[in-house]
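Have a look at the structure below before the remarks.
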Amino acid sequence: MLLEKIKQPNDIKQISIEQLPKLAEEIRQFLLEHLSKTGGHLASNLGAVELTMALHYVFQLPEDKIIWDVGHQSYTHKILTGRKDGFDQLRMLGGMSGFPKRNESTCDAFDTGHSSTSISAGVGYVCARDLQEQDYHVISVIGDGALTGGMAYEALNNASSLKKNFIIILNDNEMSISENVGGISSYLSNMRTAESYHGLKTGVKNGLNKIPGIGPAAVKRIHKTKDSIKRLVIPGMFFEDMGLTYLGPINGHDCSRMIQVFQEARKVQGPVLIHVKTEKGRGYEPAMRHPARFHGTSAFDLEHGLPLSSSGKANYTDIFSTVMRKFGDREEKVVAVTAAMPDGTGLKRFRNMFPERFFDVGIAEEHAVTFAAGLALGGMIPVVAVYSSFLQRAVDQIIEDVCLQNLHVIFAVDRAGLVGSDGETHQGCFDLTYLSMIPNMTLMAPKNKWELSDMMKFAVQYQGPIAIRYPRGEAYDGLEEYREPICKGRSEVLFEGTDVALLAVGSMVKTGVQVREMLLEDGENPTLVNARFVKPLDEKLLSQLAEHHRIFVTMEENVATGGFGSQVADYMRRTHPEVLVITIALPDSFIEHGNPEKLKEKAGIDRISVYKKIKEAKR
Numbered sequence: 073m074l075l076e077k078i079k080q081p082n083d084i085k086q087i088s089i090e091q092l093p094k095l096a097e098e099i100r101q102f103l104l105e106h107l108s109k110t111g112g113h114l115a116s117n118l119g120a121v122e123l124t125m126a127l128h129y130v131f132q133l134p135e136d137k138i139i140w141d142v143g144h145q146s147y148t149h150k151i152l153t154g155r156k157d158g159f160d161q162l163r164m165l166g167g168m169s170g171f172p173k174r175n176e177s178t179c180d181a182f183d184t185g186h187s188s189t190s191i192s193a194g195v196g197y198v199c200a201r202d203l204q205e206q207d208y209h210v211i212s213v214i215g216d217g218a219l220t221g222g223m224a225y226e227a228l229n230n231a232s233s234l235k236k237n238f239i240i241i242l243n244d245n246e247m248s249i250s251e252n253v254g255g256i257s258s259y260l261s262n263m264r265t266a267e268s269y270h271g272l273k274t275g276v277k278n279g280l281n282k283i284p285g286i287g288p289a290a291v292k293r294i295h296k297t298k299d300s301i302k303r304l305v306i307p308g309m310f311f312e313d314m315g316l317t318y319l320g321p322i323n324g325h326d327c328s329r330m331i332q333v334f335q336e337a338r339k340v341q342g343p344v345l346i347h348v349k350t351e352k353g354r355g356y357e358p359a360m361r362h363p364a365r366f367h368g369t370s371a372f373d374l375e376h377g378l379p380l381s382s383s384g385k386a387n388y389t390d391i392f393s394t395v396m397r398k399f400g401d402r403e404e405k406v407v408a409v410t411a412a413m414p415d416g417t418g419l420k421r422f423r424n425m426f427p428e429r430f431f432d433v434g435i436a437e438e439h440a441v442t443f444a445a446g447l448a449l450g451g452m453i454p455v456v457a458v459y460s461s462f463l464q465r466a467v468d469q470i471i472e473d474v475c476l477q478n479l480h481v482i483f484a485v486d487r488a489g490l491v492g493s494d495g496e497t498h499q500g501c502f503d504l505t506y507l508s509m510i511p512n513m514t515l516m517a518p519k520n521k522w523e524l525s526d527m528m529k530f531a532v533q534y535q536g537p538i539a540i541r542y543p544r545g546e547a548y549d550g551l552e553e554y555r556e557p558i559c560k561g562r563s564e565v566l567f568e569g570t571d572v573a574l575l576a577v578g579s580m581v582k583t584g585v586q587v588r589e590m591l592l593e594d595g596e597n598p599t600l601v602n603a604r605f606v607k608p609l610d611e612k613l614l615s616q617l618a619e620h621h622r623i624f625v626t627m628e629e630n631v632a633t634g635g636f637g638s639q640v641a642d643y644m645r646r647t648h649p650e651v652l653v654i655t656i657a658l659p660d661s662f663i664e665h666g667n668p669e670k671l672k673e674k675a676g677i678d679r680i681s682v683y684k685k686i687k688e689a690k691r
């Protein structure tokens, strides 16, 4: 097998160009066999196999810097840099990350996980290189989806103004930048990738400019004519107008063609953008038919493409989806906003039933929030559905455009807390902190699936900014009989006791139930409170509990700094300093990828860890 020859970076250069299609086939088979067992990002990686091979064939790693946007497509890169054996433990605790990581390999130039960052990072590398008079190539790879992020255009604008040597690869696997015009487009694309074309263009221009009187005017006329023709037949004029040399579009599954173009791009003076067209899921029929489903997949049956295991129970995203579908019928003013995540956030059903009230703004969280502010001012009730870690990108807009104006915008914050296998970049560990610091914001977290539904109903009737955060995965179906009406700033006392009060937020209520049972076995009778609201705090209840409890134990899937426990401790320190507050929260560190339950154990927020901390405090 050709794949066996790949043991370290640049080993691919030992393989002939004629053999590369066979290597691509072997890589796809390797990815399918391993990801069907471990899960991972399949469709995007299958689509980028030849593209990655061509990059590694032309450029020298780690001297040259390849920066992957998001990093969903970096698996082939990992194989070609000698990390093939790491796929047995892909995205598992202590195993290989699903994203580029500098601590994993010197060939990973930039840690990624969020979208639209690669061009900005590349521009930084380019400037650092030139300031130090170094000589290496910088290649930023960005997808057509990531190019919808405003940050990408800020970086393109900066790159064009600097006029430094820089290669940008646009991996277009879903939509065309603009319509191609048959054979003429292909012909001009081929011509423009040739070194002779660039040389001829420069030579003619310089020669004409030397002719007194006539030359400059002729150059100007030719330039105008050339531009008008290019606008008609070349799909990359947007980039050309920005000052970037555009090459393409190129078949992203033709290795030899890409190698040729990449070699020519190395000679281009200034920034160059290469438009490469690929097919998501290529080589595996189920992934080609359902690329969204195979974007990030769990273990699956390789023959049929179906998940190997499913509990059959609804997750929180399913519950949210059902509630939004019902709101579509009942509340005509409710509209849904998402940033390129209709499936992931559960808005697909709403989109299908109420397309005129559904808005996918692309990978543009900042725009999504301010857009929602405009919708609210226009008389609608916008629900912005977004992952916790992605909402971080729009903190300024939440502050300035929503909360400052005290607008009725609902934030449905999915994937809050520890999400597991995607690791540091996707853990929803900060939302309780960054949302609760903002004036006018109301912040809730449900204890179970029924409470998520109740909180959404409360949020729709509420006036002002309001956020509901809920975790990834199976929705807790315990405590069904506890369903007190929701009242702003009021917690729910589930079990009354003495001495120790367990104050749990959202997903940690389930852990609180388990801890309470362990303490009951010891002959103790703790109080268990479902906090419901992180902001505003139920200060009245806290003061009441202080009369009969020596110890408060706050429990949350959020960093300790600025979180629920921090706020409770601050209030108790000011009003009831005699009460000991134990804060159970995530540590002040970025949490790696792995099984969420194992991560909880490692972070010290699982039931046994909480139980031990309480027992130690009581000694």
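Number 457 in my numbering belongs to position 385 of the sequence shown; there are no gaps in the numbering.
We treat Cβ as the ideally placed atom computed from N, Cα and C, and that holds for glycine.
Minimum C-alpha distance to residue i - residue among the options
{"i": "P64", "options": "G545, L345, Q341", "result": "Residue 64 is absent from the structure shown; the chain starts at 73 and stops at 691."}
{"i": "I558", "options": "G143, T626, F605", "result": "F605"}
{"i": "L127", "options": "E596, I331, A193", "result": "I331"}
{"i": "A457", "options": "D432, G450, V474, E472", "result": "D432"}
{"i": "V651", "options": "S108, E629, H621, A200", "result": "H621"}
{"i": "G561", "options": "A488, D157, N237, A531", "result": "A531"}
{"i": "K612", "options": "F366, H648, A359", "result": "H648"}
{"i": "E312", "options": "P343, D216, S328", "result": "P343"}
{"i": "E628", "options": "V682, P608, P598", "result": "V682"}
{"i": "D157", "options": "L103, D183, I191", "result": "L103"}
{"i": "L504", "options": "A411, N630, A448", "result": "N630"}
{"i": "T110", "options": "S177, A371, H376", "result": "A371"}
{"i": "I471", "options": "A484, V441, G500", "result": "V441"}
{"i": "L378", "options": "S393, R402, Y388, P358", "result": "P358"}
{"i": "K137", "options": "E336, V474, N237", "result": "N237"}
{"i": "R679", "options": "G635, E589, Q477, N243", "result": "E589"}
{"i": "G416", "options": "D401, F399, P363", "result": "P363"}
{"i": "G324", "options": "L574, I453, G569, N243", "result": "N243"}
Residues near residue i in its chain [Cβ-Cβ closer than 6 Å; skip 5 each side]
{"i": "T297", "result": "Residue confidence is low: T297 scores 45 on pLDDT, short of 50, so the model does not pin down where it sits. No coordinate-derived value is stated."}
{"i": "T124", "result": "T148, H149"}
{"i": "Y318", "result": "G308, F311, E312, L345"}
{"i": "I89", "result": "S328"}
{"i": "K684", "result": "none"}
{"i": "K690", "result": "none"}
{"i": "V481", "result": "A444, A448, P454, V474, P537"}
Start and end residues, beta strand (DSSP E) containing residue i
{"i": "S116", "result": "Per DSSP, S116 belongs to no beta strand (DSSP E); it is in the alpha helix (DSSP H), 115-119."}
{"i": "V318", "result": "Val is not the amino acid found at residue 318; the sequence shown has Tyr there. Counting along the chain, the beta strand (DSSP E) containing Y318 begins and ends at 317-323."}
{"i": "H347", "result": "343-349"}
{"i": "F462", "result": "From DSSP, F462 is part of no beta strand (DSSP E) but of the alpha helix (DSSP H) over 460-463."}
{"i": "L566", "result": "564-567"}
{"i": "N424", "result": "It is not in any beta strand (DSSP E) - N424 instead sits in the alpha helix (DSSP H) that spans 420-425."}
{"i": "R622", "result": "621-631"}
{"i": "I656", "result": "652-658"}
8 Å Cβ shell around residue i - same chain, five flanking residues per side excluded
{"i": "L165", "result": "E664, H665, G666, N667, K670, L671, K674"}
{"i": "G222", "result": "S188, A436, E438, H439"}
{"i": "K235", "result": "G315, G342, P343"}
{"i": "K385", "result": "E546, A547, D549"}
{"i": "E105", "result": "L374"}
{"i": "R487", "result": "Y459, S460, S461, H498, G500, P543, R544"}
{"i": "P414", "result": "K420, R423, F430, D432"}
Residue i and residue j closer than 9 Å at C-beta
{"i": "K77", "j": "Y129", "result": "no"}
{"i": "M396", "j": "V406", "result": "yes"}
{"i": "F159", "j": "L219", "result": "no"}
{"i": "S460", "j": "F426", "result": "no"}
{"i": "S493", "j": "G170", "result": "yes"}
{"i": "A411", "j": "G434", "result": "yes"}
{"i": "M644", "j": "L600", "result": "no"}
{"i": "T514", "j": "Y534", "result": "yes"}
{"i": "T497", "j": "G185", "result": "yes"}
{"i": "F483", "j": "A539", "result": "yes"}
{"i": "P598", "j": "D642", "result": "no"}
{"i": "V640", "j": "F624", "result": "yes"}
Close-in-space but distant-in-sequence residues of the same chain around residue i (CB under 7 Å, 5 per side omitted)
{"i": "N602", "result": "K519, S563, E564, L566, A576, V581"}
{"i": "S525", "result": "I391, V395"}
{"i": "H367", "result": "H113, A115, S116"}
{"i": "L133", "result": "P81, N82, T153, C179"}
Nearest-angstrom Cβ-Cβ length linking residue i and residue j, presumed shorter than 8 Å
{"i": "W140", "j": "V210", "result": "Actually they do not touch by this definition, with Cβ atoms about 13 Å apart."}
{"i": "M509", "j": "G634", "result": "6 Å"}
Residue-level contact to chain B via CB, residue i, 9 Å cutoff
{"i": "T417", "result": "Note that chain B does not occur in the displayed structure, where there is just one protein chain."}
Limits of the alpha helix (DSSP H) - the one that residue i falls within
{"i": "D642", "result": "636-647"}
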